[in-house]
Each structure stands twice: as structure tokens, then as C-alpha cells.
Amino acid sequence: MAKKLFVVFVTCLIVLAAVNVATAQDDQGDYQNCYKDCGKQCEYEGNGYTFCEMKCDANCAQLELKAKLSRMMQH
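Numbering (the numbering used here) for the sequence shown: 416 to 490.
This is how it looks when you write it as C-alpha cells:
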């Protein structure tokens, strides 16, 4: 009985991990698109690479976190 319960538990963990990986890949695409657009705009405005990298990383990470939280609240 304990072995069956353990197998069910491990199976659930694997399924949850697979769902998280798929979600993380979608989020990564959103972050990359945001970062590219922000970087182009920032450099166009005449700012340096390091400034733009830090600014865009912070902004896009914040947007990514907001999106994750809103998805979690919907479920």
C-alpha cells in the first residue's frame, strides 16, 4: 500500500513539474519580447547599454511577475 501511495505521489510531482516548465517557457518569451522592445526604445533615446540593460530588466521582470500573479489568482 505504501509503495502505491509513493508512486502516485511521485507521478503527481512529475506532472506538476511539467506544467511549471511549460508555463515558464511561455513567460520567458514574454520577458524576451519586452526586453527587446524596451532595449531598442531606450537606446534610441540615447541612453547607454548598461543603463538600458538595468532599466529594461527591472521593468520587464516586474511585468512578468504581475502576469504570473494574475494567472495564479485566476485559478
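Don't be surprised by glycine CBs; every beta carbon is placed ideally from N, CA and C.
- request: Let me know the secondary structure DSSP gives residue 460 once reduced to three states.
  value: Numbered from 1 along the sequence shown, position 45 holds the residue referred to as residue 460. It is coil, neither helix nor strand.
Just verifying my parser: in three-state terms, what is the DSSP assignment at residue 469? Here the question's residue 469 lines up with position 54 in the sequence shown. In the structure shown, residue 469 sits in a helix (DSSP, three-state: H, G or I).
Does the beta carbon of residue 465 fall short of 6 angstroms from some heavy atom of the ligand HEM? With respect to small molecules bound, the structure shown includes none, and the ligand HEM cannot be examined in it.
- Which value, in whole angstroms, describes the spacing of the CA atoms of residue 447 and residue 487? Stepping through the sequence shown from its first residue, residue 447 is reached at position 32. Stepping through the sequence shown from its first residue, residue 487 is reached at position 72. Roughly 21 angstroms between the two C-alpha positions.
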